[in-house]
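J.:
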Amino acid sequence: MSDALACPVTGASGPLPEYPLPRAAECPLAPAPAAQELRSEKPITRVRIWNGSTPWLVTRHADQRALLPDPRVSDDDLDPGFPYVNAHRAAIAPVSPRLITNTDAPEHTRLRRTVNGPFVVKRIEKMREPVQKIVDDLIDEMLAGPNPVDLLTAFALPVPSLVIAQLLGVPYEDHDFFQRSSSLVLDGSVPADEARRVSGELAAYLDNLIIQKTADPDDDVLSEMAGRVQAGEMTHTEAVHMGVAMLIAGHETTATMISLGTLALLQHPDQLALLRETDDPKVVANAVDEVLRYLSIVQTGVRRVAKDDIEIGDVVIRKGDGIIFDLHAANWDPEVFPGAQRLDIARPARIHQAFGYGPHQCLGQNLARLELQVVYGTLYRRVPTLRLAAAIEDLEFDHTGTTYGVHGLPVAW
Amino acid sequence: MRVELDVPKCVASGQCVMAAPDVFDQRDDDGVAILLEERPGEELLDDVREAVAVCPAAAIRLVEG
Numbered sequence: 001m002s003d004a005l006a007c008p009v010t011g012a013s014g015p016l017p018e019y020p021l022p023r024a025a026e027c028p029l030a031p032a033p034a035a036q037e038l039r040s041e042k043p044i045t046r047v048r049i050w051n052g053s054t055p056w057l058v059t060r061h062a063d064q065r066a067l068l069p070d071p072r073v074s075d076d077d078l079d080p081g082f083p084y085v086n087a088h089r090a091a092i093a094p095v096s097p098r099l100i101t102n103t104d105a106p107e108h109t110r111l112r113r114t115v116n117g118p119f120v121v122k123r124i125e126k127m128r129e130p131v132q133k134i135v136d137d138l139i140d141e142m143l144a145g146p147n148p149v150d151l152l153t154a155f156a157l158p159v160p161s162l163v164i165a166q167l168l169g170v171p172y173e174d175h176d177f178f179q180r181s182s183s184l185v186l187d188g189s190v191p192a193d194e195a196r197r198v199s200g201e202l203a204a205y206l207d208n209l210i211i212q213k214t215a216d217p218d219d220d221v222l223s224e225m226a227g228r229v230q231a232g233e234m235t236h237t238e239a240v241h242m243g244v245a246m247l248i249a250g251h252e253t254t255a256t257m258i259s260l261g262t263l264a265l266l267q268h269p270d271q272l273a274l275l276r277e278t279d280d281p282k283v284v285a286n287a288v289d290e291v292l293r294y295l296s297i298v299q300t301g302v303r304r305v306a307k308d309d310i311e312i313g314d315v316v317i318r319k320g321d322g323i324i325f326d327l328h329a330a331n332w333d334p335e336v337f338p339g340a341q342r343l344d345i346a347r348p349a350r351i352h353q354a355f356g357y358g359p360h361q362c363l364g365q366n367l368a369r370l371e372l373q374v375v376y377g378t379l380y381r382r383v384p385t386l387r388l389a390a391a392i393e394d395l396e397f398d399h400t401g402t403t404y405g406v407h408g409l410p411v412a413w
Numbered sequence: 001m002r003v004e005l006d007v008p009k010c011v012a013s014g015q016c017v018m019a020a021p022d023v024f025d026q027r028d029d030d031g032v033a034i035l036l037e038e039r040p041g042e043e044l045l046d047d048v049r050e051a052v053a054v055c056p057a058a059a060i061r062l063v064e065g
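Note that the protein sequences, when read in sequence, are chains X and P. Residues 1 to 413 (UniProt numbering) make up the first sequence, in order. Residues 1 to 65 (UniProt numbering) make up the second sequence, in order.
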């Protein structure tokens, strides 16, 4: 299938669809058919979620852009109307510290500015050379190893893990420990108590490293956070949490954009050829944004609650109503992306909402873009014969996580 | 055309710097946007329009005058 033209755009959505909406088995990379139908028929409509509540689902790109930056649209997960992703999130909300992920302006603005330093564009750009070396070395190792291989474990997961290690300032001799532990924490097949134990080890490791960096600072993020702790701008515990959060938030998401992105490109050989043949960094950068748009891997929707009545289109969202924003549906909105079902690395893609939109837009997006630019600009040139070593029907996709993904991507060359 | 930057709304995502590096910069410590050119030349306006479009905080406006 060279594009998703044959994929269904209608599904049995019914009067009160259950959210998240299921994808079509034959089109594993396309948005749920019912989400596409709702976008054209009922762009702001009620859905039912796991706890029986009926928040609004917003599927059009324009409506998401109007609502997500609106100060009446809140990220306060202590509000009884908040549409929690699952029972676990609902249970931990009252005991969770107030972070950038559950506060509104002005508190959110203040918190975000204290953790934003490492993600300033100019500082991220300095990572390009080290990221290139990490990617080159991993490709060398992969090519010297077994063929076929699982691209996810041989390449896609180690890239972000090693990049984050470098950014944080994890000493080179600890990279193996760091990478092994972070992979275990994210591996869904590892038993929960084992994952908790390893996660505790990682937190203890970062805790200790921040203490070392306080005494002997270097030019890295943990040293900078150690400095902020000493200056009284954040607590030691917050610094440890932030280190762990950077690892978790940036690891599986980036790895998925490498594995699923490779799958999407292999399914569009004409687009892959354009990418392989270019040496223009702008073409590669746009390709990254287009694959981000096409895949839109956040699959549980962005969750908010209305703090006041909001009139939009022909509906009124009442104060206390939950709101869910389906990013994939908006990123396939034909009003903004004509022929949205086609992966087209030359289309203007920059306005996609794969990182969300509004003040909570992904903190690490500039780092993610840089990693993906290096990967997409290198892997397919160095391994021009790269191909899928399994039938797409035999791949196992993750339909339940916060982000969509694939449990392994066998490739050969 | 004049560029307006609403600094209190800025969430320091740096998207304006990526779109229009000749018009915007970021503070080193927290990434809050800095307006370098309040009246950018004609040749920079497409970049500014992209910055307006991609700013997640809707903190940038391009106005007449």
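C-beta: ideal position from N, C-alpha, C; glycine also.
Run through DSSP, which three-state label would P33/X get?
T.: Correct three-state label for P33/X: helix.
J.: For the UniProt domain "4Fe-4S ferredoxin-type" (1 to 29) of chain P, which residues have a CB atom closer than 7 Å to at least one CB atom of chain X, in sequence order?
T.: Within the UniProt domain "4Fe-4S ferredoxin-type" (1 to 29) of chain P, the qualifying residues are V11, A12, S13, G14, V17, M18, Q26, D28, D29.
J.: For chain P, find out if any of its Cβ atoms is closer than 8 Å to the Cβ of P43/X; answer yes or no.
T.: Answer no: the Cβ-Cβ gap between P43/X and chain P never drops below 8 Å.
J.: Can a CB atom of chain P be found closer than 8 Å to the CB of Y357/X?
T.: At least one chain P Cβ lies under 8 Å of Y357/X.
J.: Taking just the CA atoms, how far does N51/X sit from Q299/X?
T.: Each residue's alpha carbon lies about 18 Å from the other.
J.: Mind pulling the chain P residues with CB within less than 7 Å of N286/X?
T.: Chain P residues near N286/X: none, gap ~12 Å exceeds 7 Å.
J.: Secondary structure at P269/X, three-state DSSP: helix, strand or coil?
T.: Helix at P269/X.
J.: Using C-beta distances below 6 Å, list every residue in its chain close to N116/X, excluding the 5 sequence neighbours before and after it, in chain order.
T.: Excluding residues within five positions, none has a Cβ falling inside 6 Å.
J.: So A203/X and V240/X are in contact, right, with Cβ under 8 Å, and what is the actual spacing, rounded?
T.: The Cβ separation is near 6 Å, so the contact holds.
J.: Unbroken alpha helix (DSSP H) runs of length 4 or more, entirely within the stretch 168 to 224 of chain X: which are they?
T.: Correct list: 175 to 186, 192 to 215.
J.: Quick check on D28/P: buried or exposed, where buried means 16 or more other Cβ atoms within 10 Å of its Cβ?
T.: Answer is exposed; the Cβ neighbour count stays below 16.
J.: For E43/P and chain X, any beta-carbon pair shorter than 8 Å?
T.: Closer than 8 Å: no.
J.: For F397/X, which residues in the same chain have their Cβ closer than 6 Å to its Cβ, ignoring the five residues on either side in sequence?
T.: Taken in chain order, the residues that qualify are P28, V406.
J.: Work out the CA separation of A354/X and E43/P for me, nearest whole Å.
T.: Roughly 29 Å between the two C-alpha positions.
J.: Using a Cβ cut-off of 8 Å (strictly closer), state whether A58/P contacts chain X.
T.: Taking Cβ atoms only, chain X reaches closer than 8 Å to A58/P, which makes this a yes.
J.: Under three-state DSSP, which class holds M1/X?
T.: For M1/X, the predicted model reports a pLDDT of 45, less than 50, meaning its position is unreliable and no value from the coordinates is stated.
J.: Determine, using beta carbons only, whether I351/X comes closer than 8 Å to chain P.
T.: Yes, contact with chain P.
J.: Per DSSP, what kind of secondary structure is P410/X in: helix, strand or coil?
T.: Strand at P410/X.
J.: Tell me the residue span of the beta strand (DSSP E) that contains G322/X.
T.: Start and end: 322 to 325.
J.: With a 10 Å radius around its C-beta and 16 neighbouring C-beta atoms as the bar for buried, classify K133/X as buried or exposed.
T.: Answer is exposed; the Cβ neighbour count stays below 16.
J.: Let me know the secondary structure DSSP gives I4/P once reduced to three states.
T.: The sequence as given places Glu at residue 4/P; Ile does not occur at that position. Strand.
J.: Strictly below 7 Å CB to CB, what residues from chain P border V120/X?
T.: The contacting residues are G14, Q26, D28, G31.
J.: Quick one, which of I211/X, R72/X, V383/X has its alpha-carbon nearest E311/X's?
T.: Among I211/X, R72/X, V383/X, the Cα nearest to that of E311/X is on R72/X.
J.: Which same chain residues, not among the five before or five after G14/X, have their C-beta less than 7 Å away from its C-beta?
T.: None.
J.: What would DSSP say about V159/X, mapped onto helix, strand or coil?
T.: Here V159/X sits in helix by DSSP.
J.: Using only the alpha-carbon positions, how far apart do V305/X and V52/P sit?
T.: C-alpha separation (whole angstroms): 26 Å.
J.: Using beta carbons (cut-off 8 Å, strictly below), is A53/P in contact with chain X?
T.: Output row for A53/P: interface = yes.
J.: When you compare the CB of E64/P with every CB in chain X, is at least one pair closer than 8 Å?
T.: Not an interface residue.
J.: Using the DSSP secondary-structure output, state which residues sit across from G405/X in a beta bridge.
T.: Paired residue(s): D398/X.
J.: When DSSP builds the beta bridges, which residues end up paired with I302/X?
T.: Per the sequence presented here, residue 302/X reads as Val, with Ile not at that position. F325/X.
J.: Hey, Y376/X and A287/X are a contact pair by Cβ (cut 8 Å); roughly how many whole angstroms apart?
T.: Going by Cβ atoms, the distance from Y376/X to A287/X rounds to 6 Å, so yes, they are a contact pair.
J.: Compare the C-alpha of D77/X against each of V229/X, A245/X, R98/X, L272/X and name the closest.
T.: Residue R98/X is the option with its Cα nearest to D77/X.
J.: For R23/X, count the other beta carbons within 10 Å of its own beta carbon; 16 or more makes it buried, fewer makes it exposed. Which is it?
T.: With 16 or more other Cβ atoms within 10 Å, it is buried.
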